[in-house]
Each structure stands twice: as structure tokens, then as C-alpha cells.
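> Here it is, the structure in full.
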Amino acid sequence: MEARAWLRGRIEDAGLTAHQDGAANLHARLGWDGSPSYMIGSHIDTVPSGGPLDGALGVLVGLECLRRLHELDLPLRHPLECVAFSDEEGRFGGLLGSQAIAGQLSPADLHKARDLEGVSLIDAMASRGLDAMAALDARRSAESLLAYLELHIEQGPVLEARAATIGVVEGITGLFKWEIRMIGTPNHAGTTPMDLRHDAFTGVVEFAAAIPRLLDENGSARSRATIGRVELQPGSANTVPGRAICSLDVRDPNPEVLANLAEAMRRSLSALARRHGLMFEFEILSEVEPVACDAGLIERIDRAAEALGHERMRLPSGAVHDAQVMAKLTRVGMIFVPSLQGMSHSAAEWTAWEDIEAGANVALRVLGELVG
């Protein structure tokens, strides 16, 4: 809430109009008259122990673009908005603010949303004087937005490795997230022979080892698969695990490749369970479709970077962004700036100031062309 108050102050200091919608998205508006607008933005929340740039950089660059255009006092053919989306990182599932604007939330979604401690979204917002159900009122029509632009740190090492200052994002990867549960028989570690065990962890270990092969055979050069969390039950050092639970995060920018990978993963799990006398089950936690950025905006960003003398390259986004949701409502474009050593979701997250300035100037040039 302190960050929101600070940002509102900067909006007003810039001579812009501040508006908070029902989903707690904070908007800065220039030339606002209710007619269709261009929007730039990102989010200001981040992960625990995260860095200072993920999301927040895109909001501040957007605000600076509006401030500068207001300062230049140029005639605008269309209104401009900069939005700071709420809950992008996912205390309550992620992308709440952009889903509200894009009309992707239902009353049932709001009622069932809970964080890892079991706190409901409704109670959390009420504790801050906000009505969660008002998020439904944040919905915008497709006719009200002309396009959405987002600047973001790359959160990966590619731009830095290629000595490129600007990333022109071609599309945003799709993904599926599963919770996988291998179920065997817990038993004494000392008295149960190796060939008579039904060790649930063995199934998870062999599945993890098979992932590179599964990607080679069923994926693409842009496929990614990660097991980031493993839990063994009962969790005793002298007990054969009777249950092994792991996360699975799989990404690719092609929906057909994603579908092929999902089927290959399922077949592999089934075969491993049979081989080791286990049972397995999986729960689909989330599925996000890949999104292509608008061809016209890709060209504008590319031309702006070239005109300003910046090395640029086209690449996909391997991370989910609010732009992915906004694409259900309007045309989207994304600008990446390099991440030092590819670091993000870390206190070591950083981007050189000259790269930030370059990205901001590209965004300003694109917005100026769109509304001028």
C-alpha cells in the first residue's frame, strides 16, 4: 500500500490524472476523455526476496513516457494510460489485475482464490479496505483499448550474451503446471530389500532424468521443463518414501508442441509407475496459452530501436506477463531490456542504466508515433 501511495504521488506530480479501478490497478492518464486509448504498463508487486526491476521498471518507464509527452505539450490523437497491475506475481494465483481488465475473472474465481496460508483474496482485500468483488467492475471492452505496450527486463541471459540492448518480443510462451504424485509403500529402510521396495521417490527421480530426452523427442529448441519442488512422505531418514510429490513446469511458444509434451510426460509417468509397482496421479494447476505479439507493434518497436541506434534482436518471452492476458482484449507489444547475468526473482536482479534509458526511449518513440 505504501508503494501505491508513492506511485500515486508521482502520477500527480507529473500532472497526470490518477485512477484506481475495482481490481486495485492504479492508472495514470493523459488526455483522458473516455475515448479509446493506448495503454502501457506492468506490475509493481514482486516475489519474496525479489529484485527492484521485475515489473516496476515497466510501470516507471510508462509513467515517464506519459510525463514527457505531457511536458512536450504535443497534440494527442488518442488518450494514453499507464497501468500498474495488481497481483501479477501470484499470491492469489497471479495476473489478477490484468485478468480483471480483460474480463477473465468470474465471481467464482474471486471466491475460491486463496494464498499458500489459506487466506482468501476476499479477506485480504477487505483488510485493506477493498472489495474483491469490485474487481469485476474493472473489465474493459475491446473497443476501449487500441493497443497495450509493456517494457520488461528480459529475466534471462540472451540479450546480454548477444550484446543486444533491445529485445523485440515476438510472442509469449505458453505453459502448463502440474503437481505430480507418485504413490508407493512406506517401509523400513533397513529391513526392506531393494528389489522388494515400492519406492515412490524412484519414480520421480527417473522421471526427472528422462526430461531432457522427452524434450528432445517431443519438444522444440524453445521448450523448457522444470521440477522445482519435491516433497517426500513420510519424510523420515530411515523410511522408504511412500509418496513423492513434485511440481512440473513446462513451457513452449507453440500450442501443438505443448500438447505433445503433455501427452509424452503423461505416458512416461505411467510407464515408470508400472515398472516400479507404483500408482501415479497428477493435478493440472494452471494452463496458459501461448500468445503472439502484434506484427505491427513488433515492426514499430524494431524500427524505433534502429532509428535510435540500438542493437536489437527478436526473441520470445519465456516468462508469463500481463501482456499475455491483455492479448485477449487488444493488440500487444513487448520491449525487453537486458538482465545482468540473466538474473531475476533475486536481489541480484539488475539492468544497466544506459540500457534502461535505451528501452525507455524506444517506448517513448513508439507511443509518440501511435498518438501523435
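Using full-length UniProt numbering, the letters of the sequence shown correspond one by one to residues 1 to 372. Note that beta-carbon positions come from the ideal geometry of N, C-alpha and C, so glycine has one too. Since the structure is predicted, the reported quantities are computational estimates derived from the model, not experimental observations.
1) Looking at the unbroken beta strand (DSSP E) that takes in SER236, where does it start and where does it end?
2) Count the other CB atoms within 10 Å of the CB of ASN238; is the residue buried (16 or more) or exposed (fewer)?
3) What residues in its chain sit with their C-beta under 8 Å from that of LEU297, if we drop five residues either side in the sequence?
4) Decide if GLN341 is buried, meaning its Cβ has at least 16 other Cβ atoms within 10 Å, or exposed.
5) Which stretch, first to last residue, makes up the alpha helix (DSSP H) that contains CYS82?
6) By Cβ distance, which residues of its chain are closer than 7 Å to LEU74, with the 5 residues on each side in sequence left out?
7) Helix, strand or coil for LYS112 per DSSP?
8) Between which residues of its own chain and ALA262 is the CB-CB distance below 8 Å, once the five residues before and five after are set aside?
9) Give the range of the alpha helix (DSSP H) segment to which ALA100 is assigned.
10) Are the Cβ atoms of HIS27 and GLU81 separated by less than 7 Å?
11) Could you tell me the alpha carbon to alpha carbon distance between LEU121 and THR191, rounded to whole angstroms?
12) Tell me the DSSP secondary structure of ALA264 in three-state form.
13) Whole angstroms are fine: how far does the CA of SER144 sit from the CA of CYS246?
14) Expressed to the nearest angstrom, what Euclidean distance is found between the alpha-carbon atoms of MET279 and ILE183?
15) Go through the region 135–185 residue by residue and report every complete run of the alpha helix (DSSP H) that reaches 4 residues or more, in order.
16) So, is GLY129 buried or exposed, given that buried needs 16 or more other C-beta atoms within 10 angstroms?
17) Name, in chain order, the residues that DSSP records as bridge partners for LEU30.
18) Restricting to Cα atoms, I'd like to know which of ALA23, PRO48, LEU16, ILE211 is closest to ASP33.
19) In angstroms, rounded to a whole number, what distance separates the CA positions of ALA327 and VAL291?
20) Under 8 Å, with one C-beta from each stretch per pair, do the region 216–225 and the region 267–287 reach the 3-pair mark?
21) One question on the structure: do LEU329 and ALA102 come within less than 7 Å of each other, judged by their Cβ atoms?
22) Checking the sheet assignment: what are the DSSP bridge partners for GLU283?
23) How is ALA352 classed by DSSP in three states: helix, strand or coil?
Concretely, from the data shown:
1) If you number the sequence shown from 1, residue 236 lands on position 236. Unbroken run through SER236: none, as it is neither H nor E.
2) Sequence index remark: in the sequence shown, residue 238 carries index 238 (1-based). Exposed.
3) Taking the first residue of the sequence shown as 1, we reach residue 297 at position 297. The residues are ALA147, LEU149, ARG331, VAL332, GLY333, VAL366.
4) Walking along the sequence shown from the start, residue 341 turns up at place 341. With fewer than 16 other Cβ atoms within 10 Å, it is exposed.
5) On the sequence shown, residue 82 is found 82 positions in, with the first residue counted as 1. Careful: CYS82 lies outside any alpha helix (DSSP H), inside the beta strand (DSSP E) at 80–85.
6) What you label residue 74 is simply residue 74 of the sequence shown in a count that begins at 1. Excluding sequence neighbours, LEU74 sits near GLY372.
7) On the sequence shown, position 112 is the one that residue 112 refers to. It is helical.
8) The sequence position of residue 262 within the sequence shown is 262, counting from 1. Around ALA262: PHE176, VAL250.
9) The sequence position of residue 100 within the sequence shown is 100, counting from 1. Here the alpha helix (DSSP H) through ALA100 covers 96–101.
10) For the purposes of this step, residue 27 is taken as the residue at position 27 of the sequence shown. For the purposes of this step, residue 81 is taken as the residue at position 81 of the sequence shown. Against a cut-off of 7 Å, the Cβ pair of GLU81 and HIS27 comes out as a contact.
11) Counting from 1 along the sequence shown, the entry for residue 121 is found at position 121. Counting from 1 along the sequence shown, the entry for residue 191 is found at position 191. Approximately 48 Å, taken between the alpha carbons.
12) Position 264 of the sequence shown holds residue 264. DSSP places ALA264 in helix when its eight states are reduced to three.
13) Within the sequence shown, the letter at position 246 stands for residue 246. Within the sequence shown, the letter at position 144 stands for residue 144. Roughly 43 Å between the two C-alpha positions.
14) As a working note, residue 279 is residue 279 in the sequence shown. As a working note, residue 183 is residue 183 in the sequence shown. Cα to Cα, the separation comes out at about 5 Å.
15) 158–161
16) Position 129 of the sequence shown holds residue 129. Result: exposed.
17) Counted from its first residue, the sequence shown places residue 30 at position 30. Looking at the DSSP assignment, LEU30 forms a beta bridge with LEU80.
18) As a working mapping, residue 33 is identified with position 33 in the sequence shown. Comparing Cα-Cα distances from ASP33 to each of ALA23, PRO48, LEU16, ILE211, the minimum goes to LEU16.
19) Residue mapping note: residue 327 aligns to position 327 of the sequence shown, counting from 1. Residue mapping note: residue 291 aligns to position 291 of the sequence shown, counting from 1. Answer to the nearest angstrom: the Cα atoms are 7 Å apart.
20) no
21) Here the question's residue 329 lines up with position 329 in the sequence shown. Here the question's residue 102 lines up with position 102 in the sequence shown. For LEU329 and ALA102, yes; Cβs fall inside 7 Å.
22) The count along the sequence shown starts at 1 and reaches residue 283 at position 283. According to DSSP, GLU283 bridges with GLU179.
23) Start at 1 with the first residue of the sequence shown, and residue 352 comes out as number 352. Reduced to three states, the DSSP call for ALA352 is coil.
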